[in-house]
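The structure appears right after this line, and notes come after that.
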Amino acid sequence: MASFSKTSSKAGSGVGGGGWAKAKHQSVGGGGSTLERIQQIELEISRTQKNKATAKHLGELKAKLCKLKRDILEPSGGGGGKVAGFEVQRIGDARVGLVGFPSVGKSSLLTALTGVQSEAAAYEFTTLTCIPGVIYYNDVRIQLLDLPGLIVGASIGKGRGRQVIATAKSCDIILMVLDATKDDAQKEMLTKELENVGIRLNRKPPDVTVRPTKGGGLKFQATVPLTHFDEEVCATILRQYKMHNADVLVREDITEDDFIDVIDGNRKYCKCIYVYNKIDMLPLAEVDELARRPSSVVVSVRNKWNYDYLMKRLWDEMEIVRVYTKKKGEFPDFSDPLIITPQRGNKQFNVENAVQLLHKSLLDDFKHALIWGSSVKQSPQACGKDHIVHDEDVLQIVKLTQAEKAKAAHGKKTGTTIAGSNIKVDPKKKDEKSAPKS
Numbered sequence: 001m002a003s004f005s006k007t008s009s010k011a012g013s014g015v016g017g018g019g020w021a022k023a024k025h026q027s028v029g030g031g032g033s034t035l036e037r038i039q040q041i042e043l044e045i046s047r048t049q050k051n052k053a054t055a056k057h058l059g060e061l062k063a064k065l066c067k068l069k070r071d072i073l074e075p076s077g078g079g080g081g082k083v084a085g086f087e088v089q090r091i092g093d094a095r096v097g098l099v100g101f102p103s104v105g106k107s108s109l110l111t112a113l114t115g116v117q118s119e120a121a122a123y124e125f126t127t128l129t130c131i132p133g134v135i136y137y138n139d140v141r142i143q144l145l146d147l148p149g150l151i152v153g154a155s156i157g158k159g160r161g162r163q164v165i166a167t168a169k170s171c172d173i174i175l176m177v178l179d180a181t182k183d184d185a186q187k188e189m190l191t192k193e194l195e196n197v198g199i200r201l202n203r204k205p206p207d208v209t210v211r212p213t214k215g216g217g218l219k220f221q222a223t224v225p226l227t228h229f230d231e232e233v234c235a236t237i238l239r240q241y242k243m244h245n246a247d248v249l250v251r252e253d254i255t256e257d258d259f260i261d262v263i264d265g266n267r268k269y270c271k272c273i274y275v276y277n278k279i280d281m282l283p284l285a286e287v288d289e290l291a292r293r294p295s296s297v298v299v300s301v302r303n304k305w306n307y308d309y310l311m312k313r314l315w316d317e318m319e320i321v322r323v324y325t326k327k328k329g330e331f332p333d334f335s336d337p338l339i340i341t342p343q344r345g346n347k348q349f350n351v352e353n354a355v356q357l358l359h360k361s362l363l364d365d366f367k368h369a370l371i372w373g374s375s376v377k378q379s380p381q382a383c384g385k386d387h388i389v390h391d392e393d394v395l396q397i398v399k400l401t402q403a404e405k406a407k408a409a410h411g412k413k414t415g416t417t418i419a420g421s422n423i424k425v426d427p428k429k430k431d432e433k434s435a436p437k438s
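Mapping to UniProt numbering: the sequence shown position 136 is 136, numbers consecutive.
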């Protein structure tokens, strides 16, 4: 450890020579447990000044750190088994997780919104398992999970944090419940714990493409000016993942952390709403300041304040599109809509995705769809598979008739079919034969 302290002191001076980088590489490459190596690398990163001379080495350290954390979160051994209380069946059209430190009001909020009795008390660690509930809102079933309170160090397994965060990763949206009477340190610590396990809050995946190749080395291309990243840092990070041949295309200004997220590939990009509870204990000016923050909602579980606005914000963030179905000659079925959500892989709100929710086989006989609603200029309007539907549109599927199916099967570019046989004739040759001789 003495050698580590010595090299770390050099890091603080901002020296960027090659011998310095070699010494620092040796300082974190030694033995010790995985947690000790993680602590060493984190300490070295914190003591290293960030500039052009150290960018390459910092990228190498962060790649090593990411791999070590992944080893902790995803152990290769088969022991342990499932943990009671955390295997919650996914039901409904969306899943929302309540995340927060102990005794901030998560259980009381679940009870108020869903009616499910989750034990609540004034002492910490009242909830020890995952408690599910269901909210019925705008004809949509939303599953709400009350997760046990997180503590500092949850990302490395403290306080059953590994199981809690694994369940949080399965959620479409996270409600981070915070104590309005405390400072922003709670929000920063929770965000850090979630970041450590690969959950990125209110961020989009970096617009970067990495395609491994069999040879040719690294081919790096950027379509925008890069201020925090370059080809040398890219090559250093790829070497840590044993990727020596790859085509890299960068379409936005990224950092080495963003590039590591792309390489690692197991990140969860999730929307988050910060719910500040206990506003009844604050003056109005402070409540107004909290309410104006981005992605924030203020509530009082004790007095049942602002629940309606919380549900409205949750609904807006989920971006759910409801499509009602209609059979020919009948009224639309407004009781059971088709639910299209971007969080579950339905990136495009088009007719094709809506039809697939009914049954994939319907696309085989699909001719067009009749649409009523705000997405069309006139109702009804015949639309194809790529038409983008809006919330509360009505859809009726029009199938191909038997004659149209036969025509589609036989009348292709290769030619027409002679009646009563399977012989196909080129239309041009057929016209030549039928033309009168001069």
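Glycine included, C-beta positions come from ideal geometry on N, C-alpha and C.
For residue i, three-class secondary structure by DSSP
i      : result
Arg267 : coil
Ser379 : coil
Tyr274 : strand
Thr209 : strand
Lys52  : coil
Ile91  : coil
Asp316 : helix
Leu249 : strand
Gly198 : coil
Val301 : coil
Asp308 : helix
Ile254 : coil
Asp179 : strand
Which residues DSSP lists as bridging residue i, in chain order
i      : result
Gly97  : Leu145 and Ile174
Arg203 : None; Arg203 has no bridge partner.
Asp393 : Val323
Lys399 : Phe366
Ile371 : Gln381 and Leu395
Val140 : Tyr137
Ile260 : Per DSSP, none; premise fails for Ile260.
Opening and closing residue of the beta strand (DSSP E) in which residue i lies
i      : result
Lys219 : Leu218 to Ala222
Val297 : Ser296 to Val298
Pro132 : Ile131 to Tyr137
Residue of the options minimising C-alpha distance to residue i
i      : options                           : result
Leu290 : Arg302, Asn303, Ile273 and Lys304 : Ile273
Val297 : Arg251, Lys405, Gly217 and Val275 : Val275
Cys171 : Leu178, Glu195 and Gln143         : Gln143
Val394 : Gln402, Thr401, Val233 and Ala369 : Ala369
Ala94  : Arg239, Leu338, Thr48 and Asp261  : Leu338
Asn245 : Leu65, Lys219, Val197 and Leu357  : Lys219
Leu65  : Gln348, Ile41 and Val287          : Ile41
Asp247 : Tyr269, Arg211 and Ile371         : Arg211
Ile279 : Cys383, Leu249, Gly105 and Asp365 : Gly105
Asp183 : Asp316, Tyr241, Lys56 and Leu282  : Leu282
Glu195 : Arg267, Asp333 and Ser295         : Arg267
Run of the alpha helix (DSSP H) containing residue i, from where it starts to where it stops
i           : result
Val233      : Glu231 to Gln240
Ile41       : Thr34 to Arg47
residue 439 : No statement about residue 439 is possible, as the shown extent of the chain runs from 1 to 438 and does not include it.
Ser107      : Lys106 to Thr114
Inset, instruction - Within the region 331-367, note down every full alpha helix (DSSP H) run reaching 4 residues or more, in order along the chain. - result: Runs found: 351-358.
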